[in-house]
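Quick notes on the structure that follows.
In the UniProt record's numbering, the protein residues as written are 1 to 85.
In structure tokens, the structure reads:
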């Protein structure tokens, strides 16, 4: 399992457009990537769960990836987050 922490930089936080792009970006991977905020966990494959985190600018998220291509999935997530979150 790979773990990282990110801080949301977008002034609007995680809203519908970046959440949908995130799901689309990561759906090709076989591993499971989860985002966690204040004990609430969301699958990177669920737009509803990601939106349900209510992540705002300045919030810190714990990101975990587990599975056969977890490292590649985490790298893709971090690259996405740098430009979109």
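Just so it is clear, CB atoms sit at the ideal spot from N, CA and C, and this is done for glycine as well. Being a predicted model, the structure only gives us computed values, none of them experimental.
- In the three-state scheme derived from DSSP, where H, G and I count as helix and E and B as strand, residue 55 is classed as coil.
- Residue state for residue 66 is assigned as strand, using DSSP reduced to three classes.
- Secondary structure at residue 32: strand, using DSSP grouped into helix, strand and coil.
- The DSSP-derived three-state label of residue 12 is coil.
- At a Cβ-Cβ threshold of 8 Å, residue 42 and residue 49 count as neighbours.
- Taking C-beta separations shorter than 7 Å and ignoring five residues to either side along the sequence, the partners of residue 47 in its chain run 19, 20, 23, following chain order.
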